[in-house]
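Written below as structure tokens is the structure these notes are about.
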Amino acid sequence: MKKAFASFFGTTPERVFLFAKGRTALYAALKGLGIGPGHEVIMPGYTCVMVPSAPLYLGATCKYADIDPETYNLNPASLDGLYTPRTKALIVQHTYGISQDMGPVMVWAKAKGLPVIEDCCHVFGSKWKGRLCGTFGAASFFSGQWNKPFSTGLGGMLMVNDPGLVEKVGKIYEGAVAPTSAEELRLKAQMAAYDALVRPSTAGWVTLLYRGLSRLGIAAGSSSNDEFKGKMPSGYLKRMARCQEARGREGLSRIEGLIAHRKAITAIYDTGLAEAGFKPLKSAPEAENIMLRYPVRVANKAELLKLALKKGVELGSWFEIPLHPEGIDMEYFGYSKGMCPESEKACSQVINLPAHSRISASQALKVMGFLKRFGLPA
Ligand SMILES: *Cc1c(COP(=O)(O)O)cnc(C)c1O
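Below, the structure written as structure tokens:
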């Protein structure tokens with residue numbers, strides 16, 4: 037899988053590392069960069085809580101940058117206000133597949149002498165000024181979770197762009213544990229269950245069931261209860277299992293088709309949303325975006341999500357709070373209410389529409405019909 041992954045980005049397999057999760061890949065990158073106690077890491081305050089957990093496990097502190105309301109990505113104008121002499125790294129995130137405005141970010145980081153890490157968990161194939169997202173920073177990490185650009189069951193990939201970092205990350209990877217055969221078996225069983233159960237009409241219910249089963253310890257969930265409290269779980273620094281790698285290889289072999297499909301579904305949403313009175317996405321002229329999910333602002337988010345579940349329409353809720361998911365105490369991760377007002381507003385308004393391979397054109401039109409009938413533009 038490393039070979040196929042590296043070839044997509046025009047790099048070499050020695051620079052790609054396969055871990056059990058995206059967050060572990062981030063942890064390895066930060067550790068390789070020497071992030072530790074007393075250091076600060078800046079990241080967007082509109083993300084998955086497993087992003088701040090990685091620097092926290094290393095003893096560092098997280099600082100949260102607000103987002104640009106059009107792109108849902110880190111607003112470069114907020115960086116100066118967050119910088120201190122203790123700042124040691126900057127994480128940017130290409131949210132929903134929308135590429136971060138890399139120009140000002142790279143200039144700012146270079147002036148401060150900071151390494152940039154790209155959170156590519158939503159992005160695979162998007163470009164900024166013709167260059168692939170994931171190739172700008174010192175390193176970039178990817179997630180192979182169920183709902184990401186391509187799946188490895190669960191899993192994470194790290195691509196190291198800075199040659200000076202390759203050996204350091206290699207040592208960290210050597211220290212990571214391999215999954216046991218029992219763990220591998222369980223992952224295989226989950227993949228089979230996922231394939232058998234998940235359709236756009238069932239996705240909402242299956243997600244609820246899966247969360248319940250993982251809370252009970254029956255399924256291997258994406259996060260443990262400890263992690264939601266900012267505590268590093270045992271077996272965190274783990275490698276990817278062989279069955280996950282095989283699945284990733286399969287996904288990568290179809291990636292160009294998947295990207296074309298995402299573009300086609302996105303075009304349906306662009307037109308359909310405008311017709312239904314919603315605001316379609318406005319892409320920056322420098323960006324070529326391959327959407328993972330398509331964000332839409334509505335005035336009745338909670339009600340709409342409930343109704344979609346009932347009617348078998350697949351809608352997403354990322355992000356529910358600045359450090360997703362809902363129900364966790366963000367104070368554990370150093371986020372206090374009011375830190376990122378644009379992010380908080382987006383959390384209360386944004387739902388997202390699927391663009392994956394199981395969504396056909398007619399299902400995308402059904403989603404548009406649902407929004408037109410029940411959604412209230414924000
Ligand atoms: C899913 C996700 C992650 C974490 O990925 P895991 O593989 O679950 O660790 C990190 N960042 C973003 C933006 C994500 O959506």
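Numbered per my numbering, the sequence shown spans residues 37 to 414. Just so it is clear, CB atoms sit at the ideal spot from N, CA and C, and this is done for glycine as well.
DSSP three-state assignment for residue i, whether helix, strand or coil
i: K404; result: Per the sequence shown, residue 404 should be read as Met rather than Lys. Residue state, collapsed to three classes: helix.
i: E106; result: coil
i: Y119; result: coil
i: F314; result: coil
i: A414; result: coil
i: K255; result: A small fix is needed here, since residue 255 is Ala in this sequence, not Lys. DSSP places A255 in coil when its eight states are reduced to three.
i: R275; result: strand
i: A101; result: strand
i: P112; result: helix
i: K267; result: coil
i: P96; result: The amino acid occupying residue 96 in the given sequence is Ala; Pro does not appear at that position. Three-state result, A96: coil.
i: G161; result: coil
i: P73; result: coil
i: S135; result: coil
i: S379; result: helix
i: R394; result: coil
N- and C-terminal bounds of the beta strand (DSSP E) containing residue i
i: T60; result: Here T60 belongs to no beta strand (DSSP E); instead the alpha helix (DSSP H) covers G58 to G68.
i: D155; result: V152 to D155
i: N388; result: V386 to P390
i: L54; result: V52 to F55
i: M79; result: E76 to P80
Alpha helix (DSSP H) segment containing residue i, residue limits
i: E311; result: I291 to E311
i: D262; result: N261 to F264
i: V85; result: Neither: V85 is in no alpha helix (DSSP H) and is coded neither H nor E.
i: A145; result: M138 to K148
i: K124; result: Looking at the DSSP string, K124 is not in any alpha helix (DSSP H); the run it does join, the beta strand (DSSP E), is T123 to Q129.
i: F44; result: K38 to F45
Cβ pair count under 8 Å reaching 3, the segment 125–136 against the segment 147–165: Three or more Cβ pairs closer than 8 Å define a contact, and the segment 125–136 meets that threshold against the segment 147–165.
Those runs of the alpha helix (DSSP H) which lie wholly inside the segment 316–377 and span at least 4 residues: Runs found: 337–347.
Three-pair Cβ contact test at 8 Å for the segment 210–228 versus the segment 83–99: When C-beta atoms of the segment 210–228 are compared with those of the segment 83–99, fewer than three pairs fall below 8 Å, so the two segments do not count as touching.
Contact between the segment 363–380 and the segment 87–98 (3+ Cβ pairs under 8 Å): Yes, the segment 363–380 is in contact with the segment 87–98.
Cβ contact (3+ pairs, closer than 8 Å) linking the segment 268–287 and the segment 105–114: Output reads no: the segment 105–114 does not touch the segment 268–287.
Secondary structure, alpha helix (DSSP H): runs of 4+ residues fully inside the segment 164–249: For the alpha helix (DSSP H) assignment, the uninterrupted runs of no fewer than 4 residues enclosed by the segment 164–249 are, from N- to C-terminal side, 199–210 and 217–233.
contact_flag[the segment 210–223, the segment 292–312] where n(CB pairs < 8 Å) is 3 or more: Output reads no: the segment 292–312 does not touch the segment 210–223.
At least 3 beta-carbon pairs within less than 8 Å: the segment 196–209 vs the segment 238–250: When C-beta atoms of the segment 196–209 are compared with those of the segment 238–250, fewer than three pairs fall below 8 Å, so the two segments do not count as touching.
At least 3 beta-carbon pairs within less than 8 Å: the segment 374–392 vs the segment 354–362: The answer is yes - the segment 354–362 touches the segment 374–392, with three or more Cβ pairs under 8 Å.
Cβ pair count under 8 Å reaching 3, the segment 66–80 against the segment 344–352: Verdict: no, contact absent.
Validate contact between the segment 334–347 and the segment 401–411 using beta carbons, cut 8 Å, 3 pairs: At 8 Å Cβ cutoff, the stretches touch.
The segment 109–121 / the segment 58–65 touching (three or more Cβ pairs under 8 Å): When Cβ pairs closer than 8 Å are counted between the two stretches, the segment 109–121 is seen not to touch the segment 58–65, the count staying below three.
Three-pair Cβ contact test at 8 Å for the segment 379–387 versus the segment 293–302: When C-beta atoms of the segment 379–387 are compared with those of the segment 293–302, fewer than three pairs fall below 8 Å, so the two segments do not count as touching.
Stretch pair the segment 260–272 + the segment 288–300: three plus CB contacts closer than 8 Å: Per the Cβ contact rule, the segment 260–272 is not in contact with the segment 288–300 (fewer than 3 Cβ pairs under 8 Å).
At least three beta-carbon pairs within less than 8 Å, the segment 384–392 to the segment 112–121: No, the segment 384–392 does not touch the segment 112–121.
Sufficient close CB pairs (3 or more, under 8 Å) joining the segment 184–193 to the segment 165–175: No: the two stretches stay apart, fewer than three of their Cβ pairs being nearer than 8 Å.
Cβ pair count under 8 Å reaching 3, the segment 45–64 against the segment 320–337: With the rule of 3 Cβ pairs closer than 8 Å, the segment 45–64 does not count as touching the segment 320–337.
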